[in-house]
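Below is one structure, written out as structure tokens; the observations come after it.
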Amino acid sequence: MSTHPARRLWHSLEALYQPALLVDDTRDAGAALGLRGFWMAFLAFRAAPLGAVSAATATAAFGGFAPGKVAKAIPGAWATASPADCVASRNALAGKLLRSAGVTEEAAAPLVERLAALPAALEPTGRPLGAANAALPLPEDPIAALWQLAGTVREYRGDGHVASWVAAGVSGLESHHLLTAGRAADVAMMREIRGWTAEEWSAAAEALTARGLLDATAGTLTDTGLRLRAQVERQTDELSWSGGMSVLGEDGVAEICAALAPVVRSVRDCDMAPLLTLLAPDVDEA
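Note that the UniProt record's numbering gives residue 207 to position 207 of the sequence shown, counting from 1, and the numbers run on in steps of one.
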């Protein structure tokens, strides 16, 4: 089975976007704005395109973080750092880090040109993070602009992923179990990163087991769970494509991904940060 073009595009761009935020430098960039600690900086930087939103709004948009974890950062972050300042800081940080990984303006500029029409083509309905990122002006720095475009694709797909899980009757917390089960994932680290207590995590596993989706003892999905996970991923791909990514065309996506390949290798080779995303399976996984 060939990989859906929306997933191919996401897979390539995610390798640029996420590592530039999951680094110690994020804490330092946040501290320069008065933000306290890594997670306040990370959550404020990610929520910033939405404006000075409440903790409840940010939690709903993120789809997988525990409300208590988000509330420790937002809205408190806005008292010391405006959303506009956070956007500017994350752009500067991404540009610096991607340069340090060997990404050049000569490589980034043609990719920005190929992707520049995408934000305006994306249907915003039900896509809070995707729409908010798409509405941001592109930085003049082509490397930071490429990172911002990668973020738009990432968040647009993420909004659709959350919507697909919700349509399947699965909460953000429960989706973590269905995404990590049977895969080489550090589940304990994921629980801690997302801010859920051990009791909340276990209760979600029990609920999914009762629905016949998860074998909690084996740590694997049932056949029903596997089918549901595959269905959600297919729907996420299709929603991304029909929502506007099709403007690039299948051949266009193939060309963009080929041009991105050496850029992605540069970032991965420098091992800036682990790819902890749960937005989608590996590119070739059905």
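Note that the Cβ used here is the ideal one computed from N, Cα and C, for glycine as well.
DSSP places Leu179 within a helical segment (H, G or I) once states are collapsed to three. Between Lys69 and the set Ser171, Asp141, Ile193, Arg127, the nearest pair of CA atoms involves Ile193.
Per DSSP, reduced to three states, the secondary structure at Asp215 is strand. In its chain, beyond the 5 residues on either side, Pro49, Leu50 have a beta carbon closer than 7 Å to the beta carbon of Ala132. Sequence-distant Cβ neighbours of Gly243 in its own chain, meaning closer than 8 Å and more than five residues away, are Leu122, Glu123, Arg127, Tyr156, Gly160. About 6 Å separates the CB atoms of Leu129 and Gly158; that is less than 8 Å, so the two are in contact.
Beta-bridge pairing by DSSP links Leu221 to Leu214. Between Leu13 and Val253, the CB-CB gap reaches or exceeds 8 Å. From the listed residues Ala230, Thr222, Val263, the smallest Cα separation to His4 is found for Ala230. For Asp251, the enclosing alpha helix (DSSP H) stretches over residues 250–270. Sequence-distant partners of Asn91 (beyond 5 residues in either direction) whose C-beta falls short of 6 Å from its own C-beta, in its chain, are Pro139, Ala144. In the displayed model, Trp196 falls within coil according to three-state DSSP, outside both helix and strand.
Boundaries cannot be given for Gln18, as no alpha helix (DSSP H) includes it and DSSP labels it neither H nor E.
By a beta-carbon distance limit of 8 Å, Val187 does not contact Thr197. Their separation comes to about 14 Å.
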